[in-house]
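>
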Amino acid sequence: MSADGCGAPAGGVPVPATAAGDQAVVEGRVVHDGAPVAAGYARLLGTGDEFVAEVPLGGDGGFRFFAAPGSWTLRVLAPGGLRAERTVVAGYGQVTKVDVTV
Amino acid sequence: MSRPDVLVDADWVEAHLGEPGIVLVEVDEDTSAYDKGHIPSAVKIDWKKDLQDPVRRDFVDKTGFEALLSERGIGNDDTVVLYGGNNNWFAAYAYWYFKLYGHHKVQLLDGGRKKWELDSRELTRDVPDRARTSYTAAEQDSSLRALRDEVLAAVGKRNLVDVRSPDEFTGRLLAPAHLPQEQAQRAGHIPTARNVPWSKAANEDGTFKSDDDLRTLYAAEAGLDFGKDTIAYCRIGERSAHTWFVLHELLDLANVKNYDGSWTEYGSLVGVPIELGEGR
Numbered sequence: 245m246s247a248d249g250c251g252a253p254a255g256g257v258p259v260p261a262t263a264a265g266d267q268a269v270v271e272g273r274v275v276h277d278g279a280p281v282a283a284g285y286a287r288l289l290g291t292g293d294e295f296v297a298e299v300p301l302g303g304d305g306g307f308r309f310f311a312a313p314g315s316w317t318l319r320v321l322a323p324g325g326l327r328a329e330r331t332v333v334a335g336y337g338q339v340t341k342v343d344v345t346v
Numbered sequence: 006m007s008r009p010d011v012l013v014d015a016d017w018v019e020a021h022l023g024e025p026g027i028v029l030v031e032v033d034e035d036t037s038a039y040d041k042g043h044i045p046s047a048v049k050i051d052w053k054k055d056l057q058d059p060v061r062r063d064f065v066d067k068t069g070f071e072a073l074l075s076e077r078g079i080g081n082d083d084t085v086v087l088y089g090g091n092n093n094w095f096a097a098y099a100y101w102y103f104k105l106y107g108h109h110k111v112q113l114l115d116g117g118r119k120k121w122e123l124d125s126r127e128l129t130r131d132v133p134d135r136a137r138t139s140y141t142a143a144e145q146d147s148s149l150r151a152l153r154d155e156v157l158a159a160v161g162k163r164n165l166v167d168v169r170s171p172d173e174f175t176g177r178l179l180a181p182a183h184l185p186q187e188q189a190q191r192a193g194h195i196p197t198a199r200n201v202p203w204s205k206a207a208n209e210d211g212t213f214k215s216d217d218d219l220r221t222l223y224a225a226e227a228g229l230d231f232g233k234d235t236i237a238y239c240r241i242g243e244r245s246a247h248t249w250f251v252l253h254e255l256l257d258l259a260n261v262k263n264y265d266g267s268w269t270e271y272g273s274l275v276g277v278p279i280e281l282g283e284g285r
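Taken in order, these protein sequences are the chains called A and B.
Under the working numbering, the first residue of the first sequence is numbered 245, with each subsequent residue one higher.
Under the working numbering, the first residue of the second sequence is numbered 6, with each subsequent residue one higher.
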């Protein structure tokens, strides 16, 4: 992904290993009944439930965001009306892991 | 135009699958989504490879657009129904693009790929075999597209709508938060622009809000003067195509343009005014 693209690939843009570098990474996996949820969406919301970003879940139920330091809300939507919400705190140079069961 | 002319729902698409004269087109930036499963009979268009000139930062030219549609088996008289991921951002961009080249029988699938998936509707990996056509495009309709000099001249005069997230508008983020924040251009927004994130026009499942809700959002809440001309922009012009669709196609406002150069162009220009913070 670069300046000439703006799309959200399934699972989010990969980062090398778990190195966050100078990014504030929020990532995790979504599972249902012990299995990854591959057809679903993770969205990141800011203050006042303001939409910030959304990615389709990857084949392993994974998602990844590049946020800024602070508190965010993570919301998961999946077929069958499945949904879940978590509060996450991100920081530069950190990979904040959030695994979600729906 | 009114909503039924420009927007179809998933039930309508299911009922018309495979009908002659209707061509479903999935538009994504990452076409692996199409390859992993798409709506039956849909062909794909790659937002970057098919619609952008490989050398200049610009569209493919008229001849290139004609070649693309001919190769995909789309005729001048076909009704094209566009849908895609990212809440229809790229499908809305393609809609605007088709209009720009004079294809008038074009509609968006409300909610796009996401709504279809969340409804657990059928997806297939079968790629349709459409017969080649001989498509003829019109010259670009410049009334739909804003270029940078027009945008600079519009500061303080026309409605400028920045449809990025509030964090990008204020300069806290330089890109949507699903992308690494590595961009080198300046952060901020065009002075006098109002921030109305594209996402406020959509429901959680990607469908558009009602016309009444949209009017309230842009006029009452954001303070847009519907009597003035309007330019929408974002980072590269696809989220603002979503807002262009809302203002021009759903709410039927006259003189709405999409600035596809958007912040990647404006935020890299030397000497232009930039505003930081909340704006007005």
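Glycine included, C-beta positions come from ideal geometry on N, C-alpha and C.
Note that the structure is a prediction, hence the values are computed from the model and not measured.
(1) Quick one: what's got a C-beta closer than 6 Å to V333/A's C-beta in the same chain, skipping five residues either side?
(2) Does the Cβ of F231/B have 16 or more other Cβ atoms within 10 Å, making it buried, or fewer, making it exposed?
(3) Compare the C-beta of V275/A against all C-beta atoms of chain B and say whether one is closer than 7 Å.
(4) Report all residues from its chain with a CB closer than 6 Å to the CB of A97/B; omit the five preceding and five following residues, and keep chain order.
(5) Would you say V13/B and E254/B are within 7 Å of each other, going by their C-beta atoms?
(6) Can you tell me whether S267/B is buried or exposed? The criterion is at least 16 other CB atoms within 10 Å of its CB, across all chains shown.
(7) Kindly list, in the order they appear in chain A, the residues whose Cβ is closer than 7 Å to that of P45/B.
(8) Taking the C-alpha atoms as reference points, what is the distance between V111/B and K104/B?
(9) Beta-carbon within less than 8 Å of E329/A's beta-carbon, same chain only, minus the 5 sequence neighbours each way: which residues are those?
(10) Name the chain A residues whose beta carbon is nearer than 7 Å to that of R240/B?
(11) Can you name the residues that DSSP bridges to V85/B?
(12) Who does K41/B pair with in a DSSP beta bridge?
(13) Measuring only the C-alpha atoms, how far is T345/A from D146/B?
(14) Rounded to the nearest angstrom, how far is the Cβ of D281/B from that of L256/B, given a contact under 8 Å?
(15) Residues in the region 159-177 of chain B with C-beta within 8 Å of chain A's C-beta atoms, listed in sequence order?
(16) From the DSSP output, which residues share a beta bridge with R61/B?
(17) Report yes or no: do three or more beta-carbon pairs, one from the region 196-203 of chain B and one from the region 157-175 of chain B, lie closer than 8 Å?
(18) Between which residues of its own chain and G303/A is the CB-CB distance below 6 Å, once the five residues before and five after are set aside?
(19) Could you check the C-alpha separation between Y140/B and E76/B for me, to the nearest Å?
(20) Give me the chain B residues within the contact set of E329/A, using Cβ-Cβ distance strictly less than 9 Å, ordered along the chain.
According to the structure data:
(1) Position 89 of the first sequence, counting from 1, holds the residue named residue 333/A. Around V333/A: S315.
(2) Here residue 231/B refers to the residue found at position 226 of the second sequence. Of the residues assessed, F231/B falls on the exposed side of the cut-off, its CB having fewer than 16 other CB atoms within 10 angstroms.
(3) Taking the first residue of the first sequence as position 1, residue 275/A is located at position 31. False, the Cβ-Cβ gap to chain B never drops below 7 Å.
(4) By 1-based counting over the second sequence, the position of residue 97/B is 92. Cβ within range, chain order: A246, H247, F250.
(5) Looking up residue 13/B in the second sequence gives position 8. Looking up residue 254/B in the second sequence gives position 249. No; because the gap between Cβ atoms is not below 7 Å, this pair is not in contact.
(6) By one-based count along the second sequence, residue 267/B stands at place 262. Flag for S267/B reads buried.
(7) As a working note, residue 45/B is residue 40 in the second sequence. Residues of chain A passing the Cβ test: none, with the nearest at roughly 17 Å.
(8) In the second sequence, counting from the first residue as 1, residue 111/B sits at position 106. In the second sequence, counting from the first residue as 1, residue 104/B sits at position 99. Straight-line Cα distance between these residues: approximately 8 Å.
(9) Your numbering for residue 329/A matches position 85 in the first sequence. Contacts found: T317, L318, R319, V320.
(10) Residue mapping note: residue 240/B aligns to position 235 of the second sequence, counting from 1. Below the 7 Å Cβ cutoff, chain A contributes C250 as neighbours of R240/B, in chain order.
(11) Looking up residue 85/B in the second sequence gives position 80. Beta-bridge pairing links V85/B to V28/B, V111/B.
(12) The count along the second sequence starts at 1 and reaches residue 41/B at position 36. Its beta-bridge partners do not exist; DSSP assigns none.
(13) Looking up residue 345/A in the first sequence gives position 101. Looking up residue 146/B in the second sequence gives position 141. Their Cα atoms are separated by approximately 49 Å.
(14) Taking the second sequence and counting its residues from 1, the one referred to as residue 281/B is at position 276. Taking the second sequence and counting its residues from 1, the one referred to as residue 256/B is at position 251. A small fix is needed here, since residue 281/B is Leu in this sequence, not Asp. Contact doesn't hold; Cβ gap of about 30 Å is too wide.
(15) Listed in chain order, the positions of the region 159-177 of chain B with a beta carbon within less than 8 Å of a beta carbon of chain A are S170, P171, D172, R177.
(16) The residue you call residue 61/B lines up with position 56 of the second sequence. Partner(s): none; R61/B has no beta bridge.
(17) Cβ pair count under 8 Å is three or more, so yes.
(18) Translated into the one-based positions of the first sequence, residue 303/A becomes position 59. In its chain, beyond the 5 residues on either side, A282 have a beta carbon closer than 6 Å to the beta carbon of G303/A.
(19) Counting from one through the second sequence, the residue named residue 140/B turns up at place 135. Counting from one through the second sequence, the residue named residue 76/B turns up at place 71. Those two C-alpha atoms are separated by around 9 Å.
(20) Taking the first sequence and counting its residues from 1, the one referred to as residue 329/A is at position 85. What E329/A touches in chain B: nothing, since even the nearest Cβ is about 12 Å away.
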